[in-house]
Amino acid sequence: MVDVSLFQSLSYIAVAIGVCVAAFYYALNLRGQRSNRRVALTQSLIQNLNSVETLKIQGELMNMEWSDYDDFERKYGSDYNLDNYTKRMHFFYTFEAIGDLLRAGMADPETLYGVTMMTATGIWQKFLPTIAENRRRYTGKDGWSGFEYMFNELVRIRSKRDPDYVWPKDGIKYVQER
Numbered sequence: 002m003v004d005v006s007l008f009q010s011l012s013y014i015a016v017a018i019g020v021c022v023a024a025f026y027y028a029l030n031l032r033g034q035r036s037n038r039r040v041a042l043t044q045s046l047i048q049n050l051n052s053v054e055t056l057k058i059q060g061e062l063m064n065m066e067w068s069d070y071d072d073f074e075r076k077y078g079s080d081y082n083l084d085n086y087t088k089r090m091h092f093f094y095t096f097e098a099i100g101d102l103l104r105a106g107m108a109d110p111e112t113l114y115g116v117t118m119m120t121a122t123g124i125w126q127k128f129l130p131t132i133a134e135n136r137r138r139y140t141g142k143d144g145w146s147g148f149e150y151m152f153n154e155l156v157r158i159r160s161k162r163d164p165d166y167v168w169p170k171d172g173i174k175y176v177q178e179r
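So in the numbering used here, spot 116 of the sequence shown is number 117, and the numbers just go up one at a time.
Below, the structure is given as structure tokens:
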């Protein structure tokens, strides 16, 4: 004869197995959603960075010239040239956000490499003297740390893809060791 406690034990086991299966399914579902969000976010960033208007702004920024930080501020600072400041901050804040997303694993570094390598590294190198001085005067070393993280990731990927690639080419260390 079958004991009632056996049926009760079997039902507990069945419930436990059901909970485990549900948890596993939920975890798989979350993983898929995260992957989909990561792809959508990366595509959105790519569209933003590859617009004709954004590329024109990049060209303007790369053609800027200054002799030192004070000259830079007189020519391009927010108090004197709001239009240039806004264009510059468009890139800086975008790359800051991308760097933070990369650090959090929310953006795909390999995809972003293909789209932003030249732009992000070029702008970082162009403006590093002003970033370094801005950090010294105002923000501390956390200023633009997301942008710096993105730059380092792009250089890391470049070095991995091209073992002959040497950074920095001119012997000047562009990024702080953290």
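Note that the Cβ used here is the ideal one computed from N, Cα and C, for glycine as well.
Please state whether DSSP places residue i in a helix, a strand or coil.
i	result
Glu66	coil
Tyr81	coil
Phe40	One point to set straight first is that residue 40 is Val, not Phe, in the sequence displayed. Looking at Val40 - three-state DSSP - the assignment turns out to be helix.
Ser6	helix
Tyr175	Any reading at Tyr175 must be qualified, since the residue scores a pLDDT of 47, below 50, and its modelled position is unreliable; no value is offered.
Tyr166	coil
Ser1	Nothing in the structure corresponds to residue 1, since the chain is present only between 2 and 179.
Asp143	coil
CB of residue i to nearest heavy atom of the ligand NAD: below 8 Å?
i	result
Tyr70	Absent from the structure shown: the ligand NAD. Ligands present: none.
What span of residues does the alpha helix (DSSP H) with residue i cover, start to end?
i	result
Ser146	Ser146 to Arg162
Ala108	Counting along the chain, Ala108 falls outside any alpha helix (DSSP H), and DSSP gives it neither H nor E.
Using CA coordinates, which residue listed in the options is at the minimum distance from residue i?
i	options	result
Asp41	Val22, Leu113 and Phe73	Asp is not the amino acid found at residue 41; the sequence shown has Ala there. Here the closest residue by C-alpha is Leu113.
Arg39	Tyr81, Gln9 and Glu111	Glu111
Gly100	Tyr13, Phe152 and Ser45	Phe152
Gly60	Lys127, Tyr70 and Ala133	Lys127
Asp69	Gly141, Glu134 and Tyr27	Glu134
Asn131	Asp72, Val156, Ala105 and Tyr166	A quick correction: the sequence has Thr, not Asn, at residue 131. Per the Cα distances, Asp72.
Asp84	Val156, Leu129, Ile58 and Thr140	Ile58
Just checking, does the stretch 105-120 make contact with the stretch 74-89 on the three C-beta pairs under 8 Å criterion? no
Taking contact to mean at least 3 C-beta pairs separated by less than 8 Å, is the stretch 90-107 in contact with the stretch 11-23? no
Below 8 Å, how does it come out for the stretch 74-82 and the stretch 136-149: are there three or more Cβ pairs, yes or no? no
Is the stretch 64-74 in contact with the stretch 3-13, if contact means three or more CB pairs nearer than 8 Å? no
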